[in-house]
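Have a look at the structure below before the remarks.
Residue numbers (this note's numbering): 8 to 185.
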């Protein structure tokens, strides 16, 4: 028996001298297709989800702050006043000037009911019980905030079916009156 070299057992792969150039062109086409069909819509979806999640967290924070303020100040006669009632502050004044103006990207007009969206919905702030006479120390008081989420959704304009989803985001915060 004679010893053979490994090269004689495994044949060398024959290739065309320019085949790697052809593969390079197909890789570019495949990458372009992946970018447009998979990665771009996924990135837009992630971005949209982040924007909606941020807005919902901010609306929840506004409701929590309103509930805390209502639990302490709801028995005062100026609590139900307008957004210009500064001393002692009304709920609307407190939320507009201390929370919405300084700490959120939510526009005050969107939650105060001054702006109507195309679907006829409006943002609002609702306090339950609604009158000072109906409020008693130790009783629960709720602050409900409604925000038209269509102000933050941009994917619905380009993706069919997304714009038919509910556009209002409601959250309620309940505290005991002190």
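Just so you know, even glycine gets a beta-carbon here, dropped at the ideal spot from N, CA and C. Because the structure is a prediction, the values reported are computed rather than measured.
Run the CB neighbour count on residue i, radius 10 Å, all protein chains shown included, and call it buried at 16 or more, exposed below.
i, result
"residue 32", "exposed"
"residue 96", "buried"
"residue 93", "exposed"
"residue 35", "exposed"
"residue 159", "buried"
"residue 37", "exposed"
"residue 139", "exposed"
"residue 62", "buried"
"residue 53", "exposed"
"residue 134", "buried"
Expressed to the nearest angstrom, what Euclidean distance is found between the alpha-carbon atoms of residue i and residue j?
i, j, result
"residue 60", "residue 155", "14 Å"
"residue 132", "residue 146", "20 Å"
"residue 166", "residue 51", "11 Å"
"residue 150", "residue 41", "47 Å"
"residue 163", "residue 113", "19 Å"
"residue 175", "residue 101", "23 Å"
"residue 70", "residue 45", "38 Å"
"residue 142", "residue 76", "14 Å"
"residue 87", "residue 157", "28 Å"
Taking residue i and residue j to be in contact with their CB atoms under 8 Å, please state how far apart those CB atoms are, rounded to whole angstroms.
i, j, result
"residue 178", "residue 74", "With 8 Å as the limit, residue 178 and residue 74 do not qualify as a contact, their Cβ atoms being about 10 Å apart."
"residue 144", "residue 185", "7 Å"
Run through DSSP, which three-state label would residue i get?
i, result
"residue 38", "helix"
"residue 45", "helix"
"residue 182", "strand"
"residue 93", "coil"
"residue 122", "Interpretation of residue 122 is limited by its pLDDT of 38, a score under 50 that renders its predicted location unreliable; no figure is taken from the coordinates."
On a CA-only basis, which of the options is nearest residue i? Give me that one, please.
i, options, result
"residue 187", "139, 83 and 98", "Nothing can be reported for residue 187, as the shown portion of the chain is limited to 8 through 185."
"residue 109", "83, 68 and 48", "68"
"residue 118", "135, 104, 141 and 152", "152"
"residue 107", "66, 85 and 134", "66"
"residue 161", "39, 148, 58 and 47", "58"
Compare the C-beta of residue i against all C-beta atoms of chain B and say whether one is closer than 8 Å.
i, result
"residue 42", "In the structure shown, chain B cannot be found, because there is only a single protein chain."
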